[in-house]
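J.: Please read through the structure below; I'll follow up with questions.
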Amino acid sequence: MFLAKKFIAVKMLAALLTVAAFVPAQAQVTVVKSWSDKNPKLIFKGVSGNDQMSKAVLSDLQNCGWFDVVTSGTPDFIVSGTASGNSVNLVLANGAGTPMGTYSGSDAASASTASHRAVDAILKKNFGVSICCSRIAFCVETGRGIKEIYIADYDGQNARQLTRNNSLSVEPDWGHNSKSIVYTYYNRGSTDVVELDLGSNRTRRLTQLPGLNAGGAISPNGQSLAAILSLNDMVDLYVKPVSGGAPRRLTSGKAVEASPCWSPDGGQICFVSDQGSGRPKLYTISPSGGSISRVPTIGSEAASPSWSNDGKVAYSAKVGNYTIAVHDPSGKFPAKSIIETSGDWDTPSWAPDNRHLVATRKAGDTTTIYVIDTWTGKNRPVFSGRMNTSYPSWSELY
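The sequence shown begins at 3 in this note's numbering and counts up one residue at a time.
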């Protein structure tokens, strides 16, 4: 019911708003893991010279999701390090203790950022990915009928509040190069798509047309905005230049569209529509318009798509309850639920390593953000506390 109610709410809101509108050295071979592999085992021997840095590195090795950190047995890797101030040098060795390379990270103000950079360097060289130097934007229910946008490190640490609108600020999405946040702002019977620049903390309205303005997503090149608008009394998908200009309508008819996201090359937009069956399904269309293609999905409903940098589409699927599934055009990733934990799951968003997702889990009256390993199905809550968290969006690397 979670996703169905959410989609119905979009329909109702559109109708209400329409009415309102009228009034160094390294081993020679890089190991690239496939989705079916198990994580290598790693023993961490600590960082000498800085206890805070040692704790930060251990946390990153545990939370990056690419190692199983153990304390005994025969490991595949051993990591140790030295630190001076907020600079760290990590030595990666094989299970026999033979050094394979040294990886460094530094930050004048933050031991955790220095650790993120060093551990990402290990991941990049050995697996071809990085994740620690990324962030998660999300919503926090700060009061009745009030949600504000927050951001945090990839592991949930260093969370800080971005908006103080005292209203509903939802659907955050990262702007070009992850230097801004685009979100939907509910303001006195109308909605706007707003962009918040993280450097200057300034905001600007990207769309504030009569009726519904929601689901804003900026193209990978930063030039175009996809959004859901209710012009002409219809809820459709539009694109418009970020710099300004009239929106161009991509869909038409009585169907309701929602939740656009861009392909990594910017050549397609994936979105939700209830055309045909009246149930939400996933479709793609070129940003220049043209024919619409159905995305193969499991379950009776599909919504909240997120497109990874390597071409996979994660989504929420109704299979009994709502779960998370992945469509992989290459066929390497099985078309099935990747979640066994109870609850209704929604709004997945890919990490820059193309393996992990962040998503919302609803259990009872509580919504909590989880990180999901799409290879193993393992998941863990990102944030602790009494406040409801939702609408996560994972950034690119910074």
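All C-beta atoms in this analysis are idealised placements derived from N, C-alpha and C, irrespective of residue type, glycine included. Because the structure is a prediction, the values reported are computed rather than measured.
(1) Using CA atoms only, rank isn't needed, just tell me which of G99, A304, G292 and S290 is closest to G280.
(2) Considering Cα atoms alone, identify which of R146, S117, P249 and G145 is closest to S132.
(3) When we look at the beta-carbon of N128 and count the other beta-carbons within 10 Å, is it buried (16 or more) or exposed?
(4) So, do the region 81-91 and the region 368-380 have three or more beta carbon pairs nearer to each other than 8 Å?
(5) Would you report the Cα separation of R137 and I371, rounded to the nearest angstrom?
(6) Would you say the region 319-339 touches the region 105-112, given that touching needs at least three Cβ pairs under 8 Å?
(7) Between which two residues does the beta strand (DSSP E) carrying A305 extend?
(8) For P101 and N167, I'd like the C-alpha separation in whole angstroms.
(9) What is the DSSP secondary structure of I294, counted as helix, strand or coil?
(10) Secondary structure at V184, three-state DSSP: helix, strand or coil?
(11) What did DSSP end up calling M102 once you bin it into helix, strand or coil?
(12) Ignoring anything shorter than 4 residues or poking outside the region 111-185, list the alpha helix (DSSP H) runs there in chain order.
(13) For the alpha helix (DSSP H) holding N65, just list the boundary residues, first then last.
(14) Give a yes or no on contact between the region 227-242 and the region 250-262, applying the rule of three or more CB pairs nearer than 8 Å.
(15) Quick one: what's got a C-beta closer than 7 Å to S261's C-beta in the same chain, skipping five residues either side?
(16) In terms of residues, what are the limits of the beta strand (DSSP E) holding W68?
(17) For G428 versus H358, is the C-beta distance shorter than 8 Å?
(18) Given this structure, state the Cα-to-Cα distance separating D70 from P42, to the nearest angstrom.
(19) Cutting at 6 Å between CB atoms, please list the residues of its own chain near Q210, excluding the five before and the five after it.
T.: Here's the rundown:
(1) A304
(2) With distances taken between Cα atoms, S132 lies closest to S117.
(3) buried
(4) no
(5) 14 Å
(6) no
(7) A304 to W309
(8) 52 Å
(9) coil
(10) strand
(11) strand
(12) Listed in chain order, they are 113-129.
(13) D53 to N65
(14) yes
(15) Taking C-beta separations shorter than 7 Å and ignoring five residues to either side along the sequence, the partners of S261 in its chain run G217, F273, V274, A305, S306 and P307, following chain order.
(16) Unbroken run through W68: none, as it is neither H nor E.
(17) Outside the displayed range of the chain (3 to 400) lies residue 428, so it cannot be described from this structure.
(18) D70 and P42 have their C-alpha atoms spaced approximately 6 Å apart.
(19) Result list for Q210: D194, in chain order.
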